[in-house]
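Numbering (this note's numbering), first residue to last: 540 to 710.
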């Protein structure tokens, strides 16, 4: 049983790394595309026909994956001033309410994100001719990730991977 749990943890960490790598790569690629677009427009008077569309696609994917990473790292808004004055039991109840609310938000993204993705699939993006669903399929993916992180957190598992970031924010 221990090996199964260890294998699941290893797989989950691999997925987390892949998501983070994709998100960081999306920002880097988006920055490169916009830079090239500005240079070619100012110096040569033209832009690549696909640059704006691809930049928007990368921005959407980065933003939604960033939401999932934010939930994993517990970077959502918190009112420490209030929670610090409440009893441990009250804070535990609030943690459960927050976990259930987060899980419900993930379910919302799965359900309505998938419905919207299916609705937009017949449409084509004008420059790349890709189905518009490519832009929106990240919504249910984010929903699945948010549900997983909420469930793990409600079960008492520490999902925070970037502890050094948390320490820097506290200083």
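Here a beta-carbon is modelled for each residue, glycine too, at the ideal position from N, C-alpha and C.
Model, not experiment: these values are computed from the prediction.
Considering only the beta carbon of each residue, do residue 674 and residue 638 sit closer than 8 Å?
-> Translated into the one-based positions of the chain shown, residue 674 becomes position 135. Translated into the one-based positions of the chain shown, residue 638 becomes position 99. The answer is no: Cβ separation not under 8 Å.
Coarse secondary structure for residue 661, derived from DSSP in three states | As a position in the chain shown, residue 661 is number 122, starting the count at 1. In the structure shown, residue 661 sits in coil (DSSP, three-state: anything other than H, G, I, E or B).
Relative to the C-alpha of residue 671, which residue among 662, 679 and 677 is closest?
-> Working through the chain shown from its first residue, we reach residue 671 at position 132. It is 662.
To which residues of the same chain is residue 603 closer than 7 Å at the C-beta, ignoring the five residues directly before and after it?
-> As a working note, residue 603 is residue 64 in the chain shown. Contacts found: 677, 678 and 681.
Looking only at C-alpha atoms, which of 644, 589 and 570 sits nearest to residue 688?
-> Position 149 of the chain shown, counted from the first residue, corresponds to residue 688. Per the C-alpha coordinates, the member of 644, 589 and 570 positioned closest to residue 688 is 644.
Within this structure, are the beta carbons of residue 616 and residue 597 separated by less than 8 Å?
-> Position 77 of the chain shown, counted from the start, is the residue given in the question as residue 616. Position 58 of the chain shown, counted from the start, is the residue given in the question as residue 597. Not a contact, by the Cβ cut-off of 8 Å.
Rounded straight-line distance, which links the Cα of residue 631 to that of residue 620 | By 1-based counting over the chain shown, the position of residue 620 is 81. By 1-based counting over the chain shown, the position of residue 631 is 92. In a straight line, the C-alpha of residue 620 is about 16 Å away from that of residue 631.
Rounded C-alpha distance that separates residue 623 from residue 629 = Mapped onto the chain shown, residue 623 falls at position 84. Mapped onto the chain shown, residue 629 falls at position 90. If I take the Cα positions, the gap works out to 11 Å.
Hey, quick one: how far does the alpha helix (DSSP H) through residue 620 stretch, first residue to last?
-> Within the chain shown, the letter at position 81 stands for residue 620. Unbroken alpha helix (DSSP H) run through residue 620: 619–622.
Please look up how many angstroms separate the CB atoms of residue 611 and residue 698, rounded, as I've assumed it's under 8 Å.
-> Indexing the chain shown from 1 puts residue 611 at position 72. Indexing the chain shown from 1 puts residue 698 at position 159. The Cβ separation is near 5 Å, so the contact holds.
Can you give the Cα-Cα distance for residue 641 and residue 686, rounded to whole angstroms?
-> The residue labelled residue 641 in the question sits at position 102 within the chain shown. The residue labelled residue 686 in the question sits at position 147 within the chain shown. Cα-Cα distance, rounded: 7 Å.
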